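Participant: Under my numbering, the first residue of the sequence shown is numbered 326, with each subsequent residue one higher. One structure, pasted below without further comment.
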Amino acid sequence: MNDHQIIGQAIVFIENHLYEMITARDAAEAVSYSYYHFHRYFSAVMGETIGSYIRGRRLTQAAWELTHSKKKIIDIGLSLYFESAESFTRAFKDRYAMTPTEYRKRGIDILIGNRQSAQMPDRSIVTHAGLHPEITVIPAVTIMGIRFHTTVSGNESVAAWQQFNKKVPAELLANKRYGVYEAGSTCSSDDFHTDSESSAFAGVEIPDNYPVPEDMKVKKLCGGTYAKFTHKGTVDTLIRTYHYIWGVWFPKSGFELAGRDDFECYTERFTGPDDENSEIDIYFPVNV
326 MNDHQIIGQA
336 IVFIENHLYE
346 MITARDAAEA
356 VSYSYYHFHR
366 YFSAVMGETI
376 GSYIRGRRLT
386 QAAWELTHSK
396 KKIIDIGLSL
406 YFESAESFTR
416 AFKDRYAMTP
426 TEYRKRGIDI
436 LIGNRQSAQM
446 PDRSIVTHAG
456 LHPEITVIPA
466 VTIMGIRFHT
476 TVSGNESVAA
486 WQQFNKKVPA
496 ELLANKRYGV
506 YEAGSTCSSD
516 DFHTDSESSA
526 FAGVEIPDNY
536 PVPEDMKVKK
546 LCGGTYAKFT
556 HKGTVDTLIR
566 TYHYIWGVWF
576 PKSGFELAGR
586 DDFECYTERF
596 TGPDDENSEI
606 DIYFPVNV
């Protein structure tokens with residue numbers, strides 16, 4: 326295994342055993358490394374010890390359970406190997422600046438952007454451990470398309486894209502297409518839950534002064550600095566890329582999200598939703 330595969334395999338082992346009593350030595354053995362060498366390697370690559378990573382992921386998983394299950398708070402903490410209700414509450418508050426009870430009452434989901442939970446599919450991290458973004462500066466882009474409303478827990482994008490693709494004028498068929506998430510009025514940071522209203526925009530790039538049909542809207546994507554990831558694979562596996570970006574890459578990156586839309590860009594490299602060689606570029610606005 327290469328370097329990224331080694332770390333990825335260890336992380337997958339941790340993900341698959343969050344609800345079991347595992348140690349840093351167990352993770353090292355899972356990738357056939359001595360603990361002496363592996364814990365130093367892991368710390369150098371990930372920026373924290375294996376033990377700290379395991380504890381952090383258990384807290385992230387606890388946060389997911391608080392908003393997606395009806396389990397008792399004490400049961401969530403104990404199932405993730407916190408020694409007591411007090412130690413769980415203390416660790417949770419240190420990380421999220423509120424108690425588990427307060428977190429559940431607010432219904433907050435800790436990951437923003439594409440608003441997916443941090444719970445990751447079994448093998449997604451091995452696939453994406455080598456996924457690194459290009460930090461790039463792009464100009465503003467004007468797109469024409471349709472806006473559709475949804476909620477954080479819903480997903481009407483497939484039907485919306487099918488509707489939009491039928492409307493794209495012939496002279497624009499070769500242009501880049503964009504899928505943009507837009508936060509709605511109830512998606513403020515202090516009042517955010519799974520039924521928060523939001524909207525999304527499916528559009529195609531247009532030149533200046535393009536005659537826009539009455540049934541289409543215009544949106545401008547702000548220029549600036551972005552972290553650009555490339556997802557390779559079917560659309561069904563796109564969620565795994567987002568899980569990796571939000572659950573692994575962003576927390577370790579040191580980057581701060583900028584106040585602009587994040588979006589997906591579909592170029593000639595997008596060869597269909599079911600093609601395993603198809604590519605989608607994902608842009609996250611960042612402050613430098």
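Idealized CB from N, CA, C, for every residue including glycine. Quantities reported herein were computed from a predicted structural model and do not represent experimental measurements.
(1) Looking only at C-alpha atoms, which of Leu-582, Ala-495 and Tyr-366 sits nearest to Thr-550?
(2) Just grab the DSSP bridge partners of Met-469 for me.
(3) Contact defined as beta carbons within less than 8 Å: I believe Phe-588 pairs with Leu-546. What is the distance between those atoms, to the nearest angstrom?
(4) Judging by CA-CA distance, which residue of Ile-399, Phe-554 and Gly-402 is the nearest neighbour of Thr-461?
(5) I'd like to confirm the pairing. Which residues does DSSP put opposite Ile-399 in its beta bridges?
(6) Pick out whichever of Glu-593, Pro-610 and Val-611 has its Cα sitting closest to the Cα of Glu-604.
(7) Looking at Arg-429 and Thr-385, is the spacing between their C-beta atoms short of 9 Å?
(8) Taking the straight line between their C-alpha atoms, what separation do you get for Ile-401 and Ile-468?
(9) Which residue wins for smallest C-alpha separation from Lys-542, given the options Glu-354, Val-466 and Ile-471?
(10) Among Phe-489, Gly-584, Gly-597 and Ala-465, which one has its Cα closest to the Cα of Asp-533?
(11) Take Gly-558 and list the residues in its own chain whose beta-carbon comes closer than 6 Å to its own, dropping the five residues that flank it on each side.
(12) Can you list, in chain order, the residues of its chain whose CB lies under 8 Å from that of Tyr-503, leaving out five sequence neighbours each side?
(13) Would you report the Cα separation of Ile-347 and Asp-561, rounded to the nearest angstrom?
Facilitator: So, to answer that:
(1) Locating residue 550 in the sequence shown gives position 225, where the first residue counts as 1. Thr-550 has its Cα closest to that of Leu-582, out of Leu-582, Ala-495 and Tyr-366.
(2) Counting from 1 along the sequence shown, the entry for residue 469 is found at position 144. Met-469 is bridged to Val-529 and Val-543.
(3) For the purposes of this step, residue 588 is taken as the residue at position 263 of the sequence shown. For the purposes of this step, residue 546 is taken as the residue at position 221 of the sequence shown. Right, their Cβ atoms sit about 6 Å apart.
(4) If you number the sequence shown from 1, residue 461 lands on position 136. For the residues Ile-399, Phe-554 and Gly-402, the minimum Cα distance to Thr-461 belongs to Phe-554.
(5) As a position in the sequence shown, residue 399 is number 74, starting the count at 1. None, per the DSSP bridge assignment.
(6) Here residue 604 is taken as the residue at index 279 of the sequence shown, counted from 1. In terms of CA proximity to Glu-604, Glu-593 leads the group Glu-593, Pro-610 and Val-611.
(7) Reading the sequence shown from its first residue, position 60 is the one you call residue 385. Reading the sequence shown from its first residue, position 104 is the one you call residue 429. In this structure, Thr-385 sits away from Arg-429, with a CB-CB distance that is not shorter than 9 Å.
(8) The residue given as residue 401 occupies position 76 in the sequence shown. The residue given as residue 468 occupies position 143 in the sequence shown. Cα atoms of Ile-401 and Ile-468: separation of roughly 45 Å, rounded to the nearest angstrom.
(9) Taking the sequence shown and counting its residues from 1, the one referred to as residue 542 is at position 217. Measuring from the Cα of Lys-542, the nearest candidate turns out to be Ile-471.
(10) Taking the sequence shown and counting its residues from 1, one reaches residue 533 at position 208. That would be Ala-465, whose Cα lies nearest to the Cα of Asp-533.
(11) Locating residue 558 in the sequence shown gives position 233, where the first residue counts as 1. Taking Gly-558 as the centre and dropping the five residues before and after it, the same chain places the C-beta of Glu-601 closer than 6 Å to its C-beta, in chain order.
(12) Taking the sequence shown and counting its residues from 1, the one referred to as residue 503 is at position 178. Here the set comprises Val-466, Ile-468, Gly-470, Phe-526, Ala-527, Gly-528, Val-529, Glu-530, Leu-546, Phe-588, Glu-589, Cys-590 and Tyr-591.
(13) Here residue 347 refers to the residue found at position 22 of the sequence shown. Here residue 561 refers to the residue found at position 236 of the sequence shown. Each residue's Cα considered, the two are about 31 Å apart.
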